[in-house]
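Convert by adding 25 to the 1-based position in the sequence shown; the result is the number in our numbering. We put the CB at the ideal spot given by N, CA and C, even for glycine. What follows is a single structure, written as structure tokens, with notes after it.
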Amino acid sequence: MRYISTRDNTIQYSASQAIAQGLAKDGGLLTPFYIPKLPGKALEDMRDMAYQQRAVYIMKQFLEEFSVKELTDYANAAYGPDRFDSPAVAPVHTVDGNTHCLELWHGPTCAFKDMALQMLPHLLTASLSKTEEDKTVCILVATSGDTGKGALEGFKNVPRTKILVFYPKDGVSEVQELQMVTQEGGNVGVCAVVGNFDDAQTGVKKLFSDGTVRQELERRGYFFSSANSINWGRVLPQIVYYISAYCDLLRDEKIAPGETVNVCVPTGNFGNILAAYYAREMGLPIDQFICASNSNNVLTDFLREGIYDRNRPFYNTMSPSMDILISSNLERLLLAVTQDPEEVKRYMAQLSETGRYQVSDRIRDRLQKCFKGYFCDDKETQRTIRTMFDKYGYLIDTHTAVAFSALKQYRQETGDNTPAIVASTASPFKFCGSVLEALGETGIVSGLDALDQLTAKTGQPAPAPLAGLRDKAVRFTRVVEKDRMVDAVLSLLE
Ligand SMILES: *Cc1c(COP(=O)(O)O)cnc(C)c1O
């Protein structure tokens with residue numbers, strides 16, 4: 026299995042090179058040259074497997090240089106009972122006959138990022154050995170809230186790694202911020218940036234491509250890599266849970282062998298929904314992808330009109346992990362549908378120069394065949410939380426609510442009631458204030474006391490990693506301007 030840049034297919038990389046490097050030197054994303062097909066009876070074979078075994082089975086198809094033994098060790102360490110509070114790891118909760126919610130937040134940071142970020146450190150450190158890299162890797166992360174904590178937990182105290190997380194000062198929830206600034210570990214740093222997520226992400230991309238900074242790092246014995254979903258090692262473990270969910274539905278006889286399903290994903294950087302697309306390329310019978318956005322609905326417009334235009338107001342919403350106007354992983358989908366790195370490169374150049382590009386009609390039509398975009402605002406997000414709780418007794422977070430709203434709109438508009446898998450991306454306890462308000466609570470308390478308030482309101486316990494934040498001391502208080510992020514890097518690597 027060879028990997029190429031989305032902007033240039035003349036240079037080929039091995040899987041370990043792609044994972045160690047994170048991003049291609051031309052700014053493109055490293056991506057498999059082709060998507061392998063699952064063997065004919067793979068779904069049947071995996072039906073009765075544990076999640077960890079399914080992960081090995083699927084990831085192996087992309088990672089020739091890794092043995093089954095290696096991958097098994099990683100999967101057992103990443104998805105063990107000490108990390109995940111559900112033995113199923115990613116359990117499927119059936120809401121009604123044809124609506125199934127895939128819960129991806131049972132890991133140590135209570136958001137779906139754990140599904141990949143518990144695996145990535147294993148893949149990355151092994152990739153460093155395989156590529157005979159002797160420098161220490163410095164992982165830079167820009168986060169809209171959940172990636173930061175997920176990456177910190179995944180990489181804390183991992184030998185030969187340092188990790189630095191940048192988050193937008195006023196762009197994350199109270200619980201999210203507390204999770205990050207109390208992070209333990211000797212190799213970690215956390216820094217707030219004055220600006221929004223796109224500022225932080227652009228800042229990180231600039232650091233990556235700044236020759237002077239790279240040289241200084243090299244002098245100190247480090248090199249940069251990425252734990253953002255631009256790294257292939259982030260996307261790959263996410264393919265697993267879509268296939269796993271389908272196998273669960275088969276096993277529990279909620280769908281018949283070969284039956285098609287739709288998948289609905291609350292989307293920000295486009296990594297999660299892209300993984301679902303790759304699952305289909307591998308042979309999973311998915312018909313439609315419903316791409317759910319909040320008021321930052323750049324993807325909804327793109328899927329409807331074929332015009333990607335980030336020149337629009339940026340909204341801080343109550344689903345902050347989706348407050349994104351530049352969805353990096355869309356670039357990989359563009360490669361998949363164009364099969365032409367030159368064309369992708371043109372679009373990306375236009376995006377960086379003018380903030381806008383328009384795909385050809387042919388490409389737009391192809392995308393529309395299987396991708397449908399919907400969005401909702403904060404009011405509708407809260408109405409959806411309320412309805413799901415009142416009607417089904419099912420408590421969901423703000424991001425998952427955006428997805429359920431999108432699915433409802435899709436079903437109303439098309440009448441298509443194909444069984445749907447809805448990705449549930451965070452625990453509602455990460456967004457207590459918004460969830461409590463949605464349920465009609467008044468006098469909402471601040472900080473961690475809101476966890477108890479949500480428990481009192483719903484009768485559901487807060488996840489242990491969030492309740493445990495009470496006993497943690499704040500370790501990081503640094504705030505930098507967006508053009509001074511380099512200072513934080515250099516002081517971490519002193
Ligand atoms: C990161 C995140 C998303 C968006 O996922 P992408 O892969 O960036 O599209 C949605 N919901 C939550 C809770 C997240 O943390």
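Query	Result
Burial state of V215 (16 or more Cβ within 10 Å)	buried
Cα-Cα separation, G228 to S353	14 Å
Alpha helix (DSSP H) segments (min. 4 residues) lying fully within the region 142 to 230	145 to 155, 171 to 180, 199 to 206
With 16 other Cβ atoms within 10 Å as the buried cut-off, status of F58	exposed
Residues bridged to L55 [DSSP beta-bridge criterion]	S30
Runs of alpha helix (DSSP H) lying entirely within the region 368 to 449, each at least 4 residues, in chain order	386 to 395, 403 to 417, 423 to 439
Start-to-end residues for the beta strand (DSSP E) that takes in I264	It is not in any beta strand (DSSP E) - I264 instead sits in the alpha helix (DSSP H) that spans 257 to 276.
Residues near E438 by beta carbon distance below 6 Å, same chain, minus five either side	none
Distance between R276 and Y417 (C-alpha atoms, nearest Å)	23 Å
Sub-7 Å separation of T363 and I388 beta-carbons	yes
C-beta atoms of N322 and T342 nearer than 7 Å	no
Alpha-carbon spacing of M26 relative to P61, whole angstroms	9 Å
Limits of the unbroken beta strand (DSSP E) element including V504	504 to 506
Assigned exposure category for K394 - 16 Cβ within 10 Å defines buried	exposed
Proximity below 7 Å, CB of K194 to CB of V219	yes
Cβ neighbours of M373 in the same chain (closer than 7 Å, five flanking residues each side left out)	R32, E356
Residue range of the beta strand (DSSP E) that includes D110	From DSSP, D110 is part of no beta strand (DSSP E); its letter is neither H nor E.
Segment contact, 8 Å Cβ cut-off, at least three pairs: the region 117 to 128 with the region 292 to 312	no
Cα-Cα separation between V384 and F314, rounded to whole angstroms	19 Å
Residue range of the unbroken alpha helix (DSSP H) whose run includes E241	236 to 245
Minimum C-alpha distance to G465 - residue among E95, R411, D365	R411
heavy atom of ligand 1 below 6 Å from H424 C-beta	yes
Length of the line joining the Cα atoms of Y399 and T425	13 Å
Proximity below 7 Å, CB of K174 to CB of Q143	no
Closest Cα partner of V505 within the set A513, M71, K433	A513
Expected contact under 8 Å - CB spacing of G258 and I44 to nearest Å	4 Å
C-beta atoms of F137 and T450 nearer than 7 Å	yes
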